[in-house]
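If you count by my numbering, then the sequence shown holds residues -13 to 410, one letter each, in order. Cβ coordinates follow ideal geometry from the N, Cα and C atoms, glycine included.
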Amino acid sequence: MHPKALLDACAELVRLTLKFDHPADAIVSRFFRENKGLGPRERATMAETVYTVLRKKQLFDHFAPSGSGSKERRLAILGFYGPGDFLRSALTDQEKNWLDQCEKVKVADLMERHRHNLPEWLVQPLKEQLGAEFWPLAESLNLGAGLDLRVNALTSKRSDIQKELAKAGIKATHTPYSPWGLRIDGKPALNKLDAFIRGAIEVQDEGSQLLAMLLDAKRGEMVVDFCAGAGGKTLAIGACMRNTGRLYAFDTSAHRLDALKPRLARSGLSNVHPAAIAHERDERVKRLSGKIDRVLVDAPCSGLGTLRRNPDLKWRQNMKAVEEMAAKQAAILQSSARLIKPSGRLVYATCSVLPQENEMIAQAFSEANADTFAPLDVGPVLADLKVEQAATLCSGGDDGQRFLRLWPHRHQTDGFFAAAWVRK
């Protein structure tokens, strides 16, 4: 594609995305479906350009007013992902001069808001939690996330898959914490690999793998993944159970569960039973009351722990929405607790970095259910499961190991939280 045409297409995609009326990944996917003539290289350039604009929106908003042309074109120029010579061949002389001036600015000398690129409502809660670590977090969120794979422990060994990927020209290193994980550079076409086709690997962030480990589902048990979605954790849990017992994958969205079906077919699992439910008090849920060994509540949340992958979320969320979400999370956790039989384990998890969705929900549940549920320190649980440096992944409690708390800048995972309880 000619540079000018590609830049025009980038600017149009930026314009559509910055309406914030739908998730960025959905807008990008729809644009590509409607423009089938775009090749893989053009699509990659356009997607990376849009995501760079979303990550650094406040910095680019600071530069944009001094340029010419439409604002979305200026933002696309600043975020353009590709060699500089290619971009410059699409620019007017005036745009080249403006871009030169922008590149001379020392970002470190600018105001905080232009450096952290976060909405103000989110800055203070993060600073209160992290102190001096706020800036390493902010910088990590402005970078893209790496690509983690989970090796299907039911069928394969991590070392064997690592060698198989190497033969395909893909360098994979062991994830530092999850014994199932491999981390790879770049974005190779995984869906064409034999290891993917036969279900030996799935794309899953290392932090998400640790949540499935924390449930520690055993052979022959009755287990529920309460907000299963597309089923990444469901598949990991099913492998832990060695394809025995019964694993229910519940979700209120049949559409999300549809995405689980091809993954389930590849995985070799036959103990997984997906079911769409109307709400957390659905009759299907009530029938299982007091019968379940383990429940994972991967609660719907703000998703602010995934900003490396979904930078649009920081512009589409606000504290009011977070507070409304917290009420829903508390209700789902309380309803799911009814499923647990004596000595059973309950795990509550989010991909949020805010206490309102995490520690505050867990502490309120512990206080309201002190007679029936005992909090479980997650650090020793993970250590027993051979998770390396388990204590460094935790926070809270007398020994600092009460909750799982993962941060992108510390652990190179998405931001995750988990708490666990045992029914008395």
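Worksheet item: Whole-angstrom Cβ separation of I263 and R270, contact assumed at under 8 angstroms?
Response: Confirmed, Cβ separation roughly 6 angstroms.
Discussion item. Using C-beta distances below 6 angstroms, list every residue in its chain close to L73, excluding the 5 sequence neighbours before and after it, in chain order.
Written reply: Excluding residues up to 5 positions away in sequence, F66 lie with their Cβ nearer than 6 angstroms to the Cβ of L73 in the same chain.
Worksheet item: By Cβ distance, which residues of its chain are closer than 7 angstroms to Q387, with the 5 residues on each side in sequence left out?
Response: Only D363, V364, G365, P366, A377, C380 meet the Cβ criterion.
Worksheet item: Going along the chain, which unbroken runs of the alpha helix (DSSP H) with 4 or more residues stay wholly within the region 338 to 400?
Response: Complete alpha helix (DSSP H) runs here, min 4: 345 to 354, 364 to 370, 394 to 397.
Worksheet entry | Contact set for M227: own chain, Cβ-Cβ below 8 angstroms, skip 5 residues either direction | Excluding positions up to five away in sequence, the list reads A203, K204, R205, G206, E207, V209, L233, N257.
Worksheet entry | Three-state secondary structure assigned by DSSP to P174 | Coil at P174, not helix or strand.
Worksheet item: How about the region 43 to 51 and the region 11 to 28: do they share at least three Cβ pairs that are nearer than 8 angstroms?
Response: No, the region 43 to 51 is not in contact with the region 11 to 28.
Fill in: Three-way DSSP call (helix, strand, coil) for W407 in this model
Strand at W407.
Fill in: Limits of the alpha helix (DSSP H) - the one that A131 falls within
Element bounds for A131: n/a, residue is neither H nor E.
Worksheet item: Whose C-alpha, out of S275, A(-3), A354, is nearest the C-alpha of I63?
Response: Measuring from the Cα of I63, the nearest candidate turns out to be A(-3).
Worksheet item: For M208, which residues does DSSP report across the bridge?
Response: DSSP output for M208 lists R232 as bridge partner(s).
Practice prompt. Hey, could you find the ends of the alpha helix (DSSP H) L197 is sitting in?
Written response: Element bounds for L197: 192 to 201.
Worksheet entry | Simplified DSSP assignment, three categories, for I156 | For I156, the secondary structure class from DSSP, reduced to helix, strand or coil, is coil.
Worksheet entry | Length at least 4, wholly inside the region 35 to 96: the alpha helix (DSSP H) runs in chain order | Residue ranges of uninterrupted alpha helix (DSSP H) with 4 or more members, entirely inside the region 35 to 96 and ordered along the chain, are 43 to 49, 57 to 65, 70 to 74, 79 to 90.
Discussion item. With H, G and I counted as helix, E and B as strand and the rest as coil, what does DSSP make of F17?
Written reply: Three-state result, F17: helix.
Discussion item. Here's a check: name, in chain order, each residue in its chain whose Cβ is nearer than 7 angstroms to the Cβ of P297, leaving out the five neighbours to either side.
Written reply: Only Y37, L40, R41 meet the Cβ criterion.
Worksheet entry | Opposing strand residues paired with D284 [DSSP bridges] | Partner(s): A335.
Worksheet item: For G169, which option in G289, D268, L201, D134 has the closest C-alpha, if you only look at C-alpha atoms?
Response: Position check: residue 169 holds Arg in this sequence, whereas Gly was assumed. Residue D134 is the option with its Cα nearest to R169.
Worksheet entry | Proximity of L77 and L85 at Cβ, strictly below 8 angstroms | It is a contact, given that the beta carbons lie within the stated cut-off.
Item to complete: Round the Cβ separation of W166 and R184 to the nearest angstrom and send it over; I've been treating them as touching at under 8 angstroms.
Response: Their Cβ separation, rounded to whole angstroms, is 17 angstroms, which puts W166 and R184 out of contact at 8 angstroms.
Worksheet item: For I147, which of P122, S126, A181 has the nearest alpha-carbon?
Response: It is A181.
Practice prompt. Using beta-carbon positions only, say whether F351 and R409 come within less than 8 angstroms of one another.
Written response: Taking 8 angstroms as the Cβ cut-off, F351 and R409 do not qualify as a contacting pair.
Item to complete: Return helix, strand or coil for R252, following the three-state DSSP convention.
Response: If DSSP states are grouped into helix, strand and coil, R252 belongs with the helices.
Fill in: Enclosing beta strand (DSSP E) for P260 [first to last residue]
258 to 262 is the span of the beta strand (DSSP E), which, as asked, contains P260.
Worksheet entry | 7 angstroms CB neighbourhood of E28 in its chain, flanking five on each side removed | Within its own chain, the residues whose Cβ lies closer than 7 angstroms to the Cβ of E28, once the five positions on either side in sequence are excluded, are M(-13), L(-8), listed in chain order.
Worksheet item: For L200, which option in V373, K247, P(-11), S338 has the closest C-alpha, if you only look at C-alpha atoms?
Response: Answer by Cα proximity: V373.
Practice prompt. With DSSP as the reference, label L2 as helix, strand or coil.
Written response: Three-state result, L2: helix.
Worksheet item: In three-state DSSP terms, what is S329?
Response: Strand at S329.
Discussion item. So for R169, helix, strand or coil by DSSP?
Written reply: The answer is strand: DSSP assigns R169 an E or B state.
Item to complete: Please name the residue in K306, L340, P51, G254 whose C-alpha comes closest to that of E114.
Response: Closest in C-alpha terms to E114, from the list K306, L340, P51, G254, comes L340.
Fill in: Local conformation of D268 per DSSP, three classes
Three-state DSSP puts D268 in coil, outside helix and strand.
Item to complete: Tell me where the alpha helix (DSSP H) around D309 begins and ends.
Response: Checking the displayed sequence, the identity of residue 309 turns out to be Glu instead of Asp. Taken as a continuous stretch (DSSP letters only), the alpha helix (DSSP H) holding E309 covers 305 to 323.
Worksheet item: What is the DSSP secondary structure of D180, counted as helix, strand or coil?
Response: Residue state for D180 is assigned as helix, using DSSP reduced to three classes.
Item to complete: Spatial neighbours of L390 within its chain, please: CB distance less than 7 angstroms, with the 5 preceding and 5 following residues excluded, ordered by chain position.
Response: Only L196, L200, V364, L379, C380, F402, F403, A404 meet the Cβ criterion.
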